[in-house]
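Asks: Each residue of the sequence shown is one higher than the one before, counting from 6 in the working numbering. Glycine included, each C-beta is placed from N, C-alpha and C at the ideal position.
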Amino acid sequence: MSDRHTEIPADRLPVVPADRYTVISADCHAGADLLDYRPYLDKRYRDDFDVWAATYVNPHEDLLADSADRNWNSERRLAELESDGIVAEVVFPNTIPPFFPSGALMAPPPTTEDFARRWAGLRARNRWLADFCAAAPGRRAGVFQILLGDVEEAVREIRWAASAGLRGGLMLPGTPPGCGLPELYSRTYDPIWAVCAELGVPVNHHAGSASPPLGDEPAARAVFMVETTWFSHRALWHLVFGGAFRRHPGLRLVLTEQGSGWIPGVLDMLDYYHGRLVAAASRSGTVEARFGAGLAAGTGRPPSEVWHDNCYVGASFMRPHEVPLRDRIGVDKIMWGSDYPHDEGTYPYTRESLRYACADVPRAELAALLGGNAARVYGFDLGLLDPIAARVGPTVAEIAEPLREPPADATSPLFARGASVRVW
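(1) Quick check on the burial criterion: 16 or more other C-beta atoms within 10 angstroms. Buried or exposed for P44?
(2) Only counting the same chain, and skipping five residues up and downstream in sequence, which positions put a Cβ closer than 6 Å to that of Y345?
(3) Can you tell me whether P106 is buried or exposed? The criterion is at least 16 other CB atoms within 10 Å of its CB, across all chains shown.
(4) What is the DSSP secondary structure of L175, reduced to helix, strand or coil?
(5) Measure the alpha-carbon distance for L275 versus T261 and round it to whole angstroms.
(6) With a threshold of 16 other CB atoms inside 10 Å of the CB of L389, please say whether the residue is buried or exposed.
(7) Taking all protein chains shown into account, decide if F420 is buried (16 or more other Cβ within 10 angstroms of its Cβ) or exposed.
(8) Decide if the stretch 219–226 is in contact with the stretch 270–288; the criterion is three or more beta carbon pairs, one per stretch, under 8 Å apart.
(9) Cβ of F149 within 8 Å of Cβ of A121?
(10) Identify which residue in R164, S425, I339, R324 has its Cα closest to the Cα of C363.
(11) By DSSP, does I151 sit in helix, in strand, or in coil?
(12) Count the other C-beta atoms from every protein chain shown that fall within 10 angstroms of the C-beta of L371, then say buried if there are 16 or more, exposed otherwise.
(13) Closer than 6 Å by C-beta to R144: which residues in its own chain qualify, once you throw out the five before and the five after it? Chain order, please.
(14) Between I339 and L374, which are expected to be in contact by the criterion C-beta below 8 Å, what is the C-beta distance as a whole number of angstroms?
(15) Beta strand (DSSP E) containing V28: first to last residue?
(16) Going by DSSP, what residue range makes up the beta strand (DSSP E) through L260?
(17) If I follow the unbroken alpha helix (DSSP H) through S358, where does it start and stop?
(18) Note down the Cα distance separating S265 from I334, rounded to an integer number of angstroms.
(19) Measuring only the C-alpha atoms, how far is A284 from G147?
(20) Could you check the C-alpha separation between V28 and E87 for me, to the nearest Å?
(21) Which one of Y354, P367, L241, P411 has the shortest CA to CA distance from P307?
(22) Which word fits V231, buried or exposed, when buried means at least 16 other C-beta atoms lie within 10 angstroms of its C-beta?
(23) What does DSSP give as the partner residues of S216 in its beta bridges?
(24) Can you give me the C-alpha to C-alpha distance between G5 and D386, rounded to a whole angstrom?
(25) Since Y50 is in the alpha helix (DSSP H), which residue starts that stretch and which ends it?
(26) Which residues in the same chain have their Cβ closer than 6 Å to the Cβ of R172, if we skip the five residues on either side of it in sequence?
(27) Go through its chain and collect everything with a Cβ distance to Y42's Cβ below 7 Å, but skip five positions before and after it.
(28) Suppose you measure from the CA of T180 to the CA of R295; what does that come to, to the nearest Å?
(29) Closest to T193 by C-alpha separation, out of E157, G183, A84, would be which residue?
(30) Please name the residue, chosen from S72, L39, D74, Y50, that lies closest to A58 on a Cα-to-Cα basis.
(31) If I measure Cβ to Cβ from P412 and keep anything under 7 Å in the same chain, skipping five residues before and after, which residues do I get?
(32) In terms of residues, what are the limits of the beta strand (DSSP E) holding W124?
(33) Taking the alpha carbon of F137 as the reference point, which residue from V428, R75, G290 has its own alpha carbon closest?
(34) In three-state terms, what does DSSP make of G342?
(35) In its own chain, which residues sit with a C-beta less than 6 Å from the C-beta of I393, not counting the 5 before and 5 after it?
(36) Reducing DSSP to helix, strand and coil, say where Y194 ends up.
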């Protein structure tokens with residue numbers, strides 16, 4: 006793996022406020038209360054929505070609790086994030102869109118019969134999100150959604166979302182094995198990559214959206230937890246080996262809430278296979294020659310170089326064992342996230358989590374991880390955010406003080422013992 010980006014370039018170091026960090030969470034979640042999506046639906050779907058919503062049973066306890074309004078109550082959300090030291094957020098989906106069986110992150114691809122209604126539901130969610138972001142100017146970058154079953158319709162929605170100011174970019178659905186969609190390496194999706202590169206729209210791939218259905222047995226749920234991040238990582242090598250970044254050099258991929266400690270080892274592995282297969286392609290008559298045929302022409306550079314030029318990680322609740330790997334990942338590639346309002350997130354202990362994981366990180370590097378990189382990728386205006394951070398942001402001094410013991414009631418896996426044994 007190339008180490009040419011082990012130090013953050015000087016022109017990418019943010020200007021650090023006098024004594025506080027400007028913290029932008031690159032991973033938060035929001036959505037409307039179910040019935041509040043109705044006005045955003047195309048009128049021809051509203052009667053169908055009324056029938057569907059009347060019998061829908063929400064399977065998610067956190068969306069039924071008293072705290073569920075954190076997803077849509079703009080004032081509460083701003084107040085809680087500020088109390089936690091966070092001044093801006095990238096907003097991924099959370100609540101149930103119209104006509105979906107569950108949250109859009111986890112829902113399987115729609116059947117042919119459901120496709121039109123699911124699209125209508127996502128368009129309603131995107132339009133609600135545009136208004137939600139507009140309610141806090143400059144402080145929310147909304148991540149909009151598409152379906153992959155109609156590429157032309159997806160391109161139209163991307164253009165609309167960019168014009169509507171949804172700066173968080175595209176939420177790329179997964180293509181789980183057996184779902185019937187072309188794999189992400191397919192050139193079928195080139196129009197999507199092309200328009201995102203043209204408009205400067207980040208392509209985000211969030212954990213949980215690419216796993217195949219496993220059932221609901223206890224073993225199935227455990228297997229899901231073990232495997233879900235691996236299935237999410239697949240987007241990286243699919244797009245790299247599929248040549249998407251070579252054909253569309255302006256394309257940017259962000260892998261969010263799937264850890265970051267796996268990245269150095271996986272890049273080493275991808276470079277190994279790339280080099281091995283490209284070399285094998287020149288040795289006709291060998292078994293491996295057919296596996297490497299056309300790979301060099303399709304992908305070009307080694308995967309680690311593609312990573313450093315085109316890819317980023319939304320490092321949600323970054324763990325202590327991940328932080329020392331930041332040079333190998335690329336300090337300019339990492340964007341910290343709180344995962345608010347989820348239980349596994351850092352709220353209300355963001356300051357404690359940063360002390361626990363990041364106390365020994367140099368100030369300029371930590372400023373990049375906590376906000377500078379996200380500002381650059383998602384277009385946040387630090388001139389707007391720094392004055393807010395000067396009021397509510399965590400101080401440099403407090404984060405530099407290591408936290409020896411986590412809060413007793415903290416629920417984030419950031420504080421869990423033994424997390425460093427994960428291999429992906």
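Replies: Looking at the atomic coordinates:
(1) exposed
(2) C33, Y352
(3) exposed
(4) If DSSP states are grouped into helix, strand and coil, L175 belongs with the strands.
(5) 19 Å
(6) exposed
(7) buried
(8) Because the criterion of three Cβ pairs below 8 Å is not met, the stretch 219–226 and the stretch 270–288 do not touch.
(9) no
(10) R324
(11) coil
(12) buried
(13) A93
(14) The Cβ separation is near 5 Å, so the contact holds.
(15) 28–35
(16) Under the DSSP assignment, L260 falls in the beta strand (DSSP E) whose first and last residues are 258–261.
(17) 355–363
(18) 8 Å
(19) 43 Å
(20) 10 Å
(21) L241
(22) exposed
(23) Answer by DSSP bridge pairing: none, since S216 is not bridged.
(24) Because the chain is modelled from 6 through 429, residue 5 falls outside the range shown and cannot be assessed.
(25) Taken as a continuous stretch (DSSP letters only), Y50 belongs to no alpha helix (DSSP H), as it is neither H nor E.
(26) A146, Y383, G384
(27) P102, P103, A129, R130, W133
(28) 25 Å
(29) The shortest C-alpha to C-alpha distance from T193 to any of E157, G183, A84 is the one to E157.
(30) The alpha carbon of A58 has as its nearest neighbour, out of S72, L39, D74, Y50, the alpha carbon of L39.
(31) Y354, E357
(32) It is not in any beta strand (DSSP E) - W124 instead sits in the alpha helix (DSSP H) that spans 120–139.
(33) R75
(34) strand
(35) V92
(36) helix
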